[in-house]
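Beneath this line is the structure, given in structure tokens, with notes to follow.
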Amino acid sequence: MKILVTGGTGYIGSHTVVELQNKGFEVLIVDNLSNSSAEIVDNIEKITGTRPVLEVFDLVDREKTADFFQRNNDIAGVIHFAAYKAVGESVEKPLMYYRNNLVSLMNILESMRDNNIQNLVFSSSCTVYGQPDELPVSEKAPIKKAESPYGNTKQISEEIIQDTIKASDIHGIALRYFNPIGAHESALIGELPLGVPNNLVPFITQTAIGIRDQLKVFGNDYPTPDGTPIRDYIHVVDLAKAHVIAVDRMIQDKMKKPFEVFNLGTGKGYSVLEVIKAFEKVSGLKLNYKIVGRREGDVIQVWADPSFSNRELGWKAEKGLEEMVASAWKWEQAYRKKLADKQ
Ligand code: NAD
Ligand code: WQD
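All residue numbers for the sequence shown refer to our numbering, where the first residue is 193 and numbers rise by one.
Below you can see the structure in the form of structure tokens.
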């Protein structure tokens, strides 16, 4: 079975390619390398013993996308990760985000329809829930007005997919990720933020290794037990495994309706200070951090109700917080060592 993974050299995509190959799927990757490197394919091969095919082009290019699908019309399913994902940048450059994230999706859907490829797994986000009225947040919770153009691309994408499904034979599963962190146990693939990281865990590991002076903790005056915001952090390998299950569910014709939505989280929330403590424990280091003012747009607390995913997909996140941050730390160290050895 051939699966197309768009954005397959990126953070979540690369981990998913590994899990797909571990289960015997043949993987084709399309990526324009705007936020990743072709070397990732070497590392995937080191982990799995199989080299996925990589085609480098921009999915915003309608003709190239159509040509790719015509040449590969035996694809059993598409897992669509390719998108820009930096919330702050999307506020500065909204059109760049709308064009990249929405046009690429429309091109893919059009080519799927034209080549009778029916199964799409889409990367959505817990950001669609905003600050939910009830916790934990289930898939039935209302979608809140997006806080950023990035978040809006996820909401609009889900709508584009649903409308296309109504008018074609395409089926779709939207997976709403909570906060993916960590790296593969081999430390050969992991998260590689370009420039200064926006997200908490890469900022922690880069501070610990000495690339950043100090972590800024954005606010400790929130109405939470220790005053810092709470998130549902999920190990990227647990997340990757859910994609394999989702695409297989579609191929096996086990969907209950043509468009399904699943939360991918652990169901457990941790505060920023708890993440820092877990990192200090597993690394044996003291992290240099300072409490500063709140970051605009941050929700106070959100964690998933994963019971529908647990039940329907037969999937459950297995890795705990310490294992997550330990794997992120191992990856950061291995990556920096490799860079130093190259020089
Ligand atoms: P990533 O940036 O590491 O991976 C995305 C990949 O897509 C990159 O390799 C990039 O080069 C590629 N890409 C982007 N635009 C492209 C285009 N037009 N054509 C071809 N390739 C293109 O990001 P990630 O963290 O792996 O995220 C994957 C998906 O999951 C994204 O859709 C993201 O919005 C979504 N998501 C991520 C998070 C998170 O915290 N990482 C949370 C929720 C949802
Ligand atoms: C986590 C917590 C920060 C950095 C983002 C996107 C969301 C989804 C996941 C894609 C917050 C605090 C962070 C720092 C800090 N992505 N923090 N100092 O904001 O929950 O979610 O990534 O869909 O859409 O918004 O993740 O890792 O940025 O922040 O104190 O330097 O860490 O305030 O409480 P977030 P994050």
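Ideal placement from N, C-alpha and C gives every residue a C-beta, glycine not left out.
Among the options, nearest to residue i - alpha-carbon criterion
i	options	result
Asn-308	Ile-267, Lys-332, Asp-223, Lys-336	Ile-267
Ser-330	Ala-526, Asp-497, Lys-530, Arg-528	Asp-497
Val-494	Ser-317, Glu-281, Lys-469, Met-516	Ser-317
Leu-225	Glu-237, Gln-213, Ser-206	Ser-206
Val-313	Glu-504, Ile-362, Asn-214	Ile-362
Asp-250	Tyr-276, Arg-263, Asn-235, Thr-416	Tyr-276
Gly-512	Pro-372, Asn-293, Lys-285, Arg-368	Pro-372
Asp-306	Lys-529, Ser-360, Pro-341	Ser-360
Lys-530	Asp-405, Asn-214, Asn-235	Asn-235
Ile-483	Asp-445, Gly-199, Ile-365, Pro-421	Pro-421
His-435	His-272, Glu-350, Lys-346, Ala-526	His-272
Pro-394	Arg-254, Glu-255, Glu-350, Arg-528	Arg-528
Tyr-289	Ile-239, Ser-340, Asn-214, Val-245	Ser-340
Arg-503	Ile-403, Glu-284, Phe-454, Ala-338	Phe-454
Asn-214	Gly-241, Val-320, Ala-366, Glu-377	Gly-241
Glu-231	Phe-217, Glu-247, Asn-293	Glu-247
Phe-261	Met-304, Pro-286, Asp-223, Gly-269	Met-304
Heavy atom of the ligand WQD within 6 Å of residue i beta-carbon
i	result
Ser-317	yes
Asn-264	no
Arg-487	yes
Arg-423	yes
Asp-413	no
Leu-392	yes
Asn-227	no
Val-517	no
Phe-454	no
Phe-314	no
Asp-490	yes
Lys-285	no
Asn-344	no
The beta strand (DSSP E) enclosing residue i, as first and last residue numbers
i	result
Gly-364	363-369
Val-494	Element bounds for Val-494: n/a, residue is neither H nor E.
Thr-397	No beta strand (DSSP E) holds Thr-397; the alpha helix (DSSP H) holding it covers 392-401.
Thr-198	194-198
Near the ligand NAD: residue i beta-carbon under 6 Å from a heavy atom
i	result
Asp-250	yes
Ala-375	no
Gly-457	no
Tyr-321	no
Gly-216	no
Asn-307	no
Ile-352	no
Asn-292	yes
Enclosing alpha helix (DSSP H) for residue i [first to last residue]
i	result
Gly-269	From DSSP, Gly-269 is part of no alpha helix (DSSP H) but of the beta strand (DSSP E) over 269-272.
Tyr-276	Element bounds for Tyr-276: n/a, residue is neither H nor E.
Glu-452	Segment 451-456 is the beta strand (DSSP E) holding Glu-452; no alpha helix (DSSP H) there.
His-207	203-214
Val-173	For the chain, the structure presents residues 193 to 535; residue 173 sits outside this window and is missing.
His-435	428-443
Leu-513	513-534
Tyr-342	341-358
Leu-407	Element bounds for Leu-407: not the alpha helix (DSSP H) but the beta strand (DSSP E), 407-410.
- Query: Where are the alpha helix (DSSP H) runs, 4 residues long or more, that stay fully inside the stretch 218-257, in chain order?
  - Reply: 232-240, all fully within the stretch 218-257.
- Query: Unbroken beta strand (DSSP E) runs of length 3 or more, entirely within the stretch 278-339: which are they?
  - Reply: Runs found: 311-317.
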